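Chemist:
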Amino acid sequence: MSHVFPRHCHKTLPTASGGDGCYLIDSTGKRYLDGSGGAAVSCLGHSDPQVLDAIRDQLDRVAFAHTGFFTSDPAESLADLLIANAPGDLDRVYLVSGGSEATEAAIKLARQYWVEKGEPERKHLIARKQSYHGNTIGALSAGGNEWRRKQFGPLLLEMSHIDPCYAYRNQRGGESAETYGVRAADALETEILRLGPETVMAFIAEPVVGATAGAVPAAPGYFKRIREICDRHGVLLILDEVMCGMGRTGTLFACEQDGVAPDIACIAKGLGAGYQPIGAMLCTSAIYEAISQGSGFFQHGHTYMGHPVAAAAGHAVLSAILERDLLARVQTQGALLDRRLREVLGPHPHVGDIRGRGLFRGVELVSDRESKAPFDPARGLAAKIKSAAFEAGLICYPMSGTIDGRQGDHILLAPPFIISDAQIDELVGILSGAIETALAH
Ligand code: PMP
């Protein structure tokens, strides 16, 4: 009997015992093409020698030194490299151990900023429906994933959730993508005015929505309008790039493609590429200075923040992305993945939408293409596709998101940046078979 507390208590999971490039290998020797990088994590595949060497090298120097006493070379180098490549005025880095820690820190930093600035009445965080910002109480409160929130409602903090930017369902017939983008963004201003601008501290959003809706990019102009609205009302813009950042969409930060920069950015997943648990919150010097010239202390912290071995891994991953020109590779392989998905699944009567950017793609399944009606949630279609694909040797990330109050099914794809043309064909072939198998049950 296993004493590990698994996510699905009734399931017996295969044992992961090896990794080879884009493949994971279980203890029976079965190989699985990692079509989702776990959950958009393994951007360099599973056996990158440069990252493994950097980890070993740091372990030989020092494994841990508490940030209350020390900084470390890898933490400093990683922060320098991040800032040199970050958009806008982001110029301070707070290293943590994962995505939820990064978003929690962002929420608290935004609040402390306003307290230090002498505007303590700014306490409202506005977020979006169909979003995910992590599983800790603050991050879960900000997220709009009803399935994940359901049981914990009484524990969650009160936050506003405006409609997401979701063109497939919300763009009106005859409305241009640009007009829709502005209309969707204007929902933020409506909510700021309803709450009272002087009480709103920040707005948080994923530039490309991941875990809740399946790689949904914003409509053109959406984030530019969001930035304008935030600036008009002095509201901080927090962009959660935990899933879509670190090159996943073809630029290091996804928001670069929307032509905006946030006041606070959160990254994780692809930062450590799975080699070490690491996340980061980046903020502007304006925010940093308000605190350093105020109380001088960000009232937050975790024991393992700035962990030297995790930072060494993060630095090696980011160096690899930049030095091996992997952003360009994400763009070409992402375009190929999109093309193959459209060729093979585009005409399928139950494929409603294929979307995404770079190597971050989503497929939305519908019971009827015309009406876009989702499948009955009781059918558990996305989960069945995941099982059929896994059986056939493909890891893909299923999701049931909420659409108009009903569950909808999506599959998220986020393969390693090193995926080859042949492996893209293998991925799309197995996925297409798995969709047929799941629909037949
Ligand atoms: N934000 C986003 C956008 C995410 O996708 C996730 C993880 N799926 C998180 C935050 C939370 O990250 P973690 O699981 O590392 O805590």
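Counting in our numbering, the sequence shown runs from 50 upward without gaps.
Don't be surprised by glycine CBs; every beta carbon is placed ideally from N, CA and C.
None of these values were measured; they are calculated from a predicted model.
Please go through the same chain and pick out, in chain order, the residues whose beta-carbon is closer than 8 Å to the beta-carbon of Gly296, but skip the five residues on each side of it.
Modeler: Same-chain partners within the cutoff: Cys92, Gly319, Ile370, Leu375, Leu376, Val379, Gly407, Phe466.
Chemist: So is Pro447 buried or exposed if we call it buried at 16+ other beta carbons inside 10 Å?
Modeler: The residue is buried, with at least 16 neighbouring Cβ atoms inside 10 Å.
Chemist: Which runs of the alpha helix (DSSP H) spanning at least 4 residues fall entirely within the region 114–169, listed in chain order?
Modeler: 122–133, 148–165, all fully within the region 114–169.
Chemist: How far does the beta strand (DSSP E) with Leu467 in it reach, from first residue to last?
Modeler: In the sequence as presented, Leu is not what sits at residue 467; that position holds Ile. Looking at the DSSP string, Ile467 is not in any beta strand (DSSP E), and its letter there is neither H nor E.
Chemist: Applying the 10 Å Cβ sphere with the 16-neighbour rule, what's the burial state of Arg221?
Modeler: Looking at its Cβ environment, which holds fewer than 16 other Cβ atoms inside 10 Å, Arg221 is exposed.
Chemist: Between His173 and Val257, how many whole angstroms is the CB-CB distance? I'm expecting something under 8 Å.
Modeler: Contact doesn't hold; Cβ gap of about 25 Å is too wide.
Chemist: Report yes if the C-beta of His351 is less than 7 Å from at least one heavy atom of ligand 1; otherwise report no.
Modeler: No, the Cβ of His351 stays beyond 7 Å of every heavy atom of ligand 1.
Chemist: Output needed for Gly183: all residues of its chain with C-beta closer than 6 Å, excluding positions within five of it in sequence on either side, in chain order.
Modeler: Result list for Gly183: Gly148, Ser149, Thr152, in chain order.
Chemist: Can you tell me the Cα-Cα spacing of Ala268 and Glu227, whole angstroms?
Modeler: For Ala268 and Glu227, the distance between alpha carbons rounds to 7 Å.
Chemist: Regarding Ala88 and ligand 1, is the C-beta to nearest heavy atom distance less than 7 Å?
Modeler: True, at least one ligand heavy atom lies under 7 Å from that Cβ.
Chemist: What residues in its chain sit with their C-beta under 8 Å from that of Pro13, if we drop five residues either side in the sequence?
Modeler: Missing from the structure shown is residue 13; the chain here goes from 50 to 490 and no further.
Chemist: Examine ligand 2 and report whether any of its heavy atoms sits within less than 7 Å of the Cβ of Met292.
Modeler: Among the ligands in the structure shown, ligand 2 does not appear; only ligand 1 can be found there.
Chemist: Per the contact definition of three or more C-beta pairs closer than 8 Å, is the region 325–335 in contact with the region 57–74?
Modeler: No contact exists between the region 57–74 and the region 325–335.
Chemist: If I measure Cβ to Cβ from Ile444 and keep anything under 8 Å in the same chain, skipping five residues before and after, which residues do I get?
Modeler: Closer than 8 Å at the Cβ level, and outside the excluded window around Ile444, lie Leu73, Tyr81, Leu82, Asp83, Gly84, Ser85, Gly87, Ala438.
Chemist: Is Trp152 near ligand 1, with its Cβ less than 7 Å from a heavy atom?
Modeler: Checking the sequence shown, residue 152 turns out to be Thr, not Trp. Answer for Thr152: yes, Cβ within range of ligand 1.
Chemist: Could you give the DSSP three-state label for Ala65: helix, strand or coil?
Modeler: Ala65 falls in the strand class under three-state DSSP.
Chemist: Which of helix, strand or coil does DSSP assign to Gln107?
Modeler: Residue state, collapsed to three classes: helix.
Chemist: Between Leu461 and Ala264, which are expected to be in contact by the criterion C-beta below 8 Å, what is the C-beta distance as a whole number of angstroms?
Modeler: Confirmed, Cβ separation roughly 6 Å.
Chemist: Suppose you measure from the CA of Arg373 to the CA of Gln99; what does that come to, to the nearest Å?
Modeler: Using only the alpha carbons, I get a separation of about 11 Å.
Chemist: What three-state label does DSSP hand Phe409 in the structure shown?
Modeler: Phe409: strand per DSSP, three-state reduction.
Chemist: List the endpoints of the continuous beta strand (DSSP E) containing Arg80.
Modeler: Here the beta strand (DSSP E) through Arg80 covers 80–83.
Chemist: Any chance the CB of Ala317 is under 7 Å from a heavy atom of ligand 1?
Modeler: Checking every heavy atom of ligand 1 against the Cβ of Ala317, one is found closer than 7 Å.
Chemist: Where does His364 sit, in a helix, a strand or coil, going by DSSP?
Modeler: Looking at His364 - three-state DSSP - the assignment turns out to be helix.
Chemist: With respect to 7 Å, is the separation between the Cβ of Asp289 and the closest non-hydrogen atom of ligand 1 below this value?
Modeler: True, at least one ligand heavy atom lies under 7 Å from that Cβ.
Chemist: Could you tell me whether the Cβ atoms of Leu386 and His399 are closer together than 8 Å?
Modeler: For Leu386 and His399, no; Cβs fall outside 8 Å.
Chemist: Over what stretch of residues does the alpha helix (DSSP H) that includes Gln456 continue unbroken?
Modeler: Run containing Gln456: none in the alpha helix (DSSP H); it sits in the beta strand (DSSP E), 455–462.
Chemist: Which same chain residues end up closer than 7 Å to Glu170 when comparing Cβ atoms and leaving out the 5 residues on each side of it in sequence?
Modeler: Result list for Glu170: Glu247, Thr248, in chain order.
Chemist: Ignoring anything shorter than 4 residues, give me the alpha helix (DSSP H) runs that lie fully in the region 250–293, in order along the chain.
Modeler: Listed in chain order, the complete alpha helix (DSSP H) runs (minimum 4 residues) inside the region 250–293 are 271–282.
Chemist: Looking at ligand 1, does it come within less than 7 Å of Ala260, judged from the CB to the closest heavy atom?
Modeler: Because some heavy atom of ligand 1 lies under 7 Å away, the Cβ of Ala260 counts as near it: yes.
Chemist: Ala437 lies in the alpha helix (DSSP H); which residues open and close that run?
Modeler: Ala437 -> alpha helix (DSSP H) spans 430–440.
Chemist: Would you check if the distance between the CB atom of Leu108 and the CB atom of Leu367 is smaller than 8 Å?
Modeler: Contact: no.
Chemist: Indicate the three-state DSSP secondary structure (helix, strand or coil) for Ile370 in the structure shown.
Modeler: Ile370 falls in the helix class under three-state DSSP.
Chemist: From this set, Leu476, Gly482, His356, which residue's C-alpha is nearest Ser146's C-alpha?
Modeler: Measuring from the Cα of Ser146, the nearest candidate turns out to be His356.
Chemist: So, using beta-carbon positions, are Gly321 and Ala362 closer together than 8 Å?
Modeler: The answer is yes: Cβ separation under 8 Å.
Chemist: What are the boundary residues of the beta strand (DSSP E) that Gly328 is part of?
Modeler: Element bounds for Gly328: 328–333.
Chemist: Is Ser190 close to ligand 1? I mean its beta-carbon at under 7 Å from any heavy atom of the ligand.
Modeler: Outside the cutoff, so no.
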